[in-house]
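One structure is given here, and the rest of the page talks about it.
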Amino acid sequence: MEAKTHAFSANVADALEDEPLQRALQKLKQGFVVKRREAIDNLPEFERLRAEGQAIKDHTLGHLDLYLEEFEAKVAAKGGQVHWCRDAGEARKKILTICRSVDARTVTKGKSMIGEEIAINDYLEENGIEPIETDLGEYIIQLRKEPPSHIIAPAIHVPKEAVADVFRETHTDLDPERSLEDPRTLVDEARSMLRQKYLDADVGITGANFLVAETGSTVIVTNEGNGDLTQSLPGIHIVLASLEKVVPTLEDASTILRLLARSATGQEFSAYTTFSTGPKRPDDLDGPAQFHVVLLDNGRTELLASESREILRCIRCGACMNHCPVYGAIGGHAYGWVYPGPMGAVLTPALLGIERSHDLPHASTFCGRCEEVCPMNIPLPKLIRYQRRKAFERRLSGRVGRWGLALWVAVAARPALYRTFLSVLLFCVSLLRPRCTRFRWLPLASGWTKHRDLPAPATKSFFQIWKSRGSNSNG
Amino acid sequence: MQIASDKIRDRPHVGLFVTCLVDVFRPQVGFAAIKLLEQSGCRVSVPTPQTCCGQPAYNSGDQVGTRKIAKTVIEVFEPFDFVVAPSGSCAAMIKLHFADVFSDDVDMKARAEALAARTHELVSFLVDQRGMVTTDAVFPQSVTYHDSCSGLRELGIREHPRRLLDTVKGLRMTELADSDVCCGFGGTFCVKYPDISNRMVEDKTSAIAASGAETVLAGDMGCLLNMAGKLKREGSHVETRHVAEVLAGMTDDPAIGEGD
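For the record, the sequence lines run as chains A and B.
Reminder that position 47 of the first sequence reads as 47 in the numbering used here, one-by-one numbering, no gaps.
Reminder that position 58 of the second sequence reads as 58 in the numbering used here, one-by-one numbering, no gaps.
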């Protein structure tokens, strides 16, 4: 998808005005957050699992080449093929080549954030192949021609009435009399539309939550079972995954699976957890004839060598955005690209470049709730701060802010100057103070006073009073 | 007021880190801190060459600027047994982040770490280090409490203020819904992204109103100015005070942003 990260302020203004979105965000706060809490409270070993999960990922990232090569060898041994792709362009081309090899006309797709990252749907369409999203949320936003607004609940911003509207618009055979008020009927309607698409598709593309090195398996978790139909009915199954998804063993995958659904939706386990290992074997009843893994780097090797490498532990559960008060105010689209919320504030600048996305790491209060809930113990505020350092070094923030900060540092590092500066400031305020206990407007402070009053400073500062009392200064 | 007996004998020398917002906006919080520290048996000094903890620079990504300010703080406060600040966020800055800005200066890093080990937020210091279990204060009002993010999540301060507030005569505590959710201050965040910040503080003032409390308390001036500013803009009668004012029984002055 096209990045709109540079238009953050405009995106935010739209989001705050968007009433259906705001209602959806209120529900999110009460839904996922409460359910996660309950799930974690029911799992006494959560902290132990979290430490284990972190250790698994850290170990794997430390030996990434080794495990990826092992994974590739195992996939090959099972009759599949791994395609190493340096960037989005290479991955798109590889997928197109595979699709063309069977003259594919339609492709079904399970939910994949990497698919969004490389904008595979647009590319396939441009090349005459119809991609059909089979995850209900993804299907809805595909019909609405929108990007996802959440990494696990892509259509969270769409109220059910709007889903009904888009179905009526696009499902041309739909009986106009049929009621679509109940979410159940919406699911049935989508299912009836998708059923034939599964059977017609020439290629099925899924993402992967894990790649298991010891077996060459890929793993997806879904709640709708759409992934299973996507990958087992067409003749070709393409798994699209970024390289940090690999874990050494099945045991490791199960450890992290215990953290994933609880952190994401508060479920103990997703409804479906599907392991795929190679193409259909002679005795198998069904399955694809070809099994391909498109393994994407797209900046991750560089990320691995950077101070932000810990973000590569991310398992895409969405807990950080569910708990982020900024995400809760503006939703996912405002972030302007594939990955919103705190993990996006780290990953987006790392993948797209800080120049195009410097607002993302700045739009955080460092409240730390994301780090508190992250099942992989990723120190998100610290990593967000690293991105701010990059932005500062490249002078990307506004001139007024930079000069203001430079002035503050110059004054704050010189205590005598600082006192003089404050005395002058407070003297000016004291001229106003008798009539004014708070300001509704102040020059250069409109960012504050736009929405709230500024309590007036004291007529005398702490240190002025302290000095006038002749109190000790150095003990 | 009651202090655990083993804490009375020693009389540690505390350097009070006033914080820039208390210095300018709410001097009485500094005096309340001194009173509480003295009640807990400390000798308190307020070194005058202090300014700011450096957070605005640190959180703006300015490592060089942060180092300059951090060096000043370290030099000024090194002589004391403890550094105490009436702010979770400034205390956390010294305690958790100073060492980080000196990652390539072994000597300064060691000094930063030594200071970090002796640095505390006021209320947690009173409870954990000084064994304070009760106060002499009287405050006959219904109050609610907002947990400021840095204090809560970086320093683990949650029960400390509640335990002491519980012993204030006449005070009735009502818990705030989502008391652990950020109020939207976030330092420069609130002026850089005023509309997002506003949505967050609106949620906070709605929760405050729903609590039915007459006064909202917190341990950080940033959050307090933000909440007070929004409450007053909304025309609310709920008052806003720093928790130290109440614990020290220094509540005769008008609350934050209220008339004389």
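Ideal Cβ positions, reconstructed from N, Cα and C, are used throughout, including at glycine.
message: Pull the bridge partners of residue 242/B from the DSSP assignment, please.
response: As a working note, residue 242/B is residue 242 in the second sequence. The partner list for residue 242/B (beta bridge, DSSP) reads 218/B.
Counterpart residues of residue 16/B in DSSP-defined beta bridges: Position 16 of the second sequence, counted from the first residue, corresponds to residue 16/B. Answer by DSSP bridge pairing, in chain order: 84/B.
Option nearest residue 13/A by Cα separation, candidates 124/A, 334/A and 258/A: Within the first sequence, numbered from 1, the residue matching residue 13/A stands at position 13. Minimum Cα distance to residue 13/A is reached at 334/A.
query: Any residues in the segment 162–180 of chain B with a beta carbon nearer than 9 angstroms to a beta carbon of chain A? Which ones, in chain order?
result: 178 and 180
- request: Identify, in the order they occur along the chain, each residue of the same chain with its Cβ nearer than 6 angstroms to the Cβ of residue 358/A, setting aside the five sequence neighbours on each side.
  value: Translated into the one-based positions of the first sequence, residue 358/A becomes position 358. So the list reads 391 and 396, once near-sequence residues are dropped.
- request: Tell me, please, whether the segment 405–415 of chain A touches the segment 445–463 of chain A by the rule of three or more beta-carbon pairs shorter than 8 angstroms.
  value: no
field: residue 239/A (DSSP reduced to helix, strand or coil)
entry: If you number the first sequence from 1, residue 239/A lands on position 239. Three-state result, residue 239/A: strand.
message: Which residues of the segment 36–57 of chain B have a Cβ closer than 8 angstroms to any Cβ of chain A? Give them in chain order.
response: 43, 45, 46, 47, 48, 49, 50, 51, 52, 54, 56 and 57
query: Is the distance from the Cβ of residue 375/A to the Cβ of residue 310/A below 8 angstroms?
result: Locating residue 375/A in the first sequence gives position 375, counting from the first residue. Locating residue 310/A in the first sequence gives position 310, counting from the first residue. Not closer than 8 angstroms, so no.
query: Is any beta-carbon of chain B found at less than 8 angstroms from that of residue 59/A?
result: Translated into positions along the first sequence, residue 59/A becomes position 59. It does not; no Cβ of chain B falls within 8 angstroms.
message: Using a Cβ-Cβ cutoff of 7 angstroms, what residues of the segment 136–156 of chain B are near chain A? List them in chain order.
response: 149, 153 and 154
- request: Report the rounded CA-to-CA distance for residue 283/A versus residue 72/A, giving the unit in angstroms.
  value: As a first step, residue 283/A must be located in the first sequence, where it is residue number 283. As a first step, residue 72/A must be located in the first sequence, where it is residue number 72. Residue 283/A and residue 72/A: Cα-Cα distance of roughly 24 angstroms.
message: Just list the residues that DSSP pairs residue 145/B with in beta bridges.
response: Within the second sequence, numbered from 1, the residue matching residue 145/B stands at position 145. Residue 145/B is bridged to 217/B.
query: From what residue to what residue does the alpha helix (DSSP H) around residue 311/A run?
result: Start at 1 with the first residue of the first sequence, and residue 311/A comes out as number 311. No alpha helix (DSSP H) contains residue 311/A, which DSSP labels as neither H nor E.
Pairwise C-alpha distance: residue 337/A and residue 330/A: Stepping through the first sequence from its first residue, residue 330/A is reached at position 330. Stepping through the first sequence from its first residue, residue 337/A is reached at position 337. So the two alpha carbons sit approximately 14 angstroms from each other.
- request: Can you tell me the Cβ-Cβ gap for residue 442/A and residue 454/A, rounded? I've got them flagged as a contact below 8 angstroms.
  value: Position 442 of the first sequence, counted from the start, is the residue given in the question as residue 442/A. Position 454 of the first sequence, counted from the start, is the residue given in the question as residue 454/A. Confirmed, about 6 angstroms.
- prompt: Within 10 angstroms of its Cβ, does residue 428/A collect 16 or more other Cβ (buried), or is it exposed?
  reply: Residue 428/A sits at position 428 when you count from the first residue of the first sequence. Residue 428/A comes out exposed.
query: According to the Cβ coordinates, are residue 216/B and residue 146/B closer than 8 angstroms?
result: Here residue 216/B is taken as the residue at index 216 of the second sequence, counted from 1. Here residue 146/B is taken as the residue at index 146 of the second sequence, counted from 1. Going by C-beta atoms, residue 216/B is nearer than 8 angstroms to residue 146/B.
field: CA-to-CA distance, residue 47/B to residue 473/A, given in whole angstroms
entry: By one-based count along the first sequence, residue 473/A stands at place 473. By one-based count along the second sequence, residue 47/B stands at place 47. Low local confidence applies: a pLDDT of 49 at residue 473/A is under 50, so the model's placement there is unreliable, and no value is given.
- request: Would you mind working out which of 53/B, 18/B, 176/B and 10/B sits nearest residue 187/B, comparing C-alpha positions?
  value: Along the second sequence, read from residue 1 onward, the residue named residue 187/B stands at position 187. Ranking 53/B, 18/B, 176/B and 10/B by Cα distance to residue 187/B puts 53/B first.
field: Neighbouring residues, chain B, relative to residue 453/A (Cβ below 7 angstroms)
entry: By 1-based counting over the first sequence, the position of residue 453/A is 453. Those are 229, 232, 233 and 257, listed as they occur along chain B.
message: Restricting to Cα atoms, I'd like to know which of 405/A, 16/A, 32/A and 456/A is closest to residue 430/A.
response: Here the question's residue 430/A lines up with position 430 in the first sequence. It is 456/A.
message: Quick test of the definition: if touching needs 3 or more C-beta pairs under 8 angstroms, does the segment 250–267 of chain A touch the segment 25–43 of chain A?
response: yes
field: Assigned secondary structure, residue 4/A (DSSP; H/G/I helix, E/B strand, else coil)
entry: Working through the first sequence from its first residue, we reach residue 4/A at position 4. Three-state DSSP puts residue 4/A in coil, outside helix and strand.
message: Please classify residue 364/A as buried or exposed, where buried requires at least 16 other C-beta atoms within 10 Å of its C-beta.
response: Residue mapping note: residue 364/A aligns to position 364 of the first sequence, counting from 1. When all chains shown are included, residue 364/A counts as buried.
message: When you compare the CB positions of residue 253/A and residue 212/A, do they come within less than 8 angstroms of one another, or not?
response: One-based indexing of the first sequence puts residue 253/A at position 253. One-based indexing of the first sequence puts residue 212/A at position 212. Against a cut-off of 8 angstroms, the Cβ pair of residue 212/A and residue 253/A comes out as a contact.
message: So residue 247/A and residue 56/A are supposed to be a Cβ contact under 8 angstroms. How far apart are they, rounded?
response: Residue 247/A sits at position 247 when you count from the first residue of the first sequence. Residue 56/A sits at position 56 when you count from the first residue of the first sequence. Right, the Cβ-Cβ distance comes to about 6 angstroms (below 8 angstroms), so this counts as a contact.
- prompt: When the Cα atoms are used, what is the spatial distance from residue 343/A to residue 303/A?
  reply: Residue mapping note: residue 343/A aligns to position 343 of the first sequence, counting from 1. Residue mapping note: residue 303/A aligns to position 303 of the first sequence, counting from 1. In a straight line, the C-alpha of residue 343/A is about 14 angstroms away from that of residue 303/A.
query: If residue 207/A and residue 241/A are in contact, beta carbons under 8 angstroms, what's the gap, nearest whole angstrom?
result: Working through the first sequence from its first residue, we reach residue 207/A at position 207. Working through the first sequence from its first residue, we reach residue 241/A at position 241. 6 angstroms between Cβ atoms; contact.
message: Under 8 angstroms, Cβ to Cβ, is there at least one residue of chain B near residue 335/A?
response: Residue 335/A sits at position 335 when you count from the first residue of the first sequence. Cβ-Cβ to chain B under 8 angstroms: no for residue 335/A.
field: CB-CB length for residue 126/B against residue 77/B, believed under 8 angstroms
entry: On the second sequence, residue 126/B is found 126 positions in, with the first residue counted as 1. On the second sequence, residue 77/B is found 77 positions in, with the first residue counted as 1. About 19 angstroms separates the two Cβ atoms, so there is no contact after all.
message: Is residue 62/B close to the ligand NAP? I mean its beta-carbon at under 7 angstroms from any heavy atom of the ligand.
response: Absence of the ligand NAP from the depicted structure is noted, as is the absence of any ligand whatsoever, leaving it without description.
Where the segment 60–76 of chain B meets chain A: residues whose CB sits under 7 angstroms from a CB there: 60, 61, 62, 63, 65, 68, 69 and 72
- request: For residue 461/A, go through chain B and note every residue whose CB falls closer than 7 angstroms to its CB, in chain order.
  value: Reading the first sequence from its first residue, position 461 is the one you call residue 461/A. Ordered by position in chain B, the residues that pass the 7 angstroms Cβ test against residue 461/A are 23, 24 and 27.
task: Step through the CB atoms of chain B and report whether any lies within less than 8 angstroms of the CB of residue 72/A.
output: Within the first sequence, numbered from 1, the residue matching residue 72/A stands at position 72. Chain B contact via Cβ: absent.
query: Which value, in whole angstroms, describes the spacing of the CA atoms of residue 35/B and residue 166/B?
result: In the second sequence, residue 35/B corresponds to position 35, counting from 1. In the second sequence, residue 166/B corresponds to position 166, counting from 1. One C-alpha to the other measures close to 19 angstroms.
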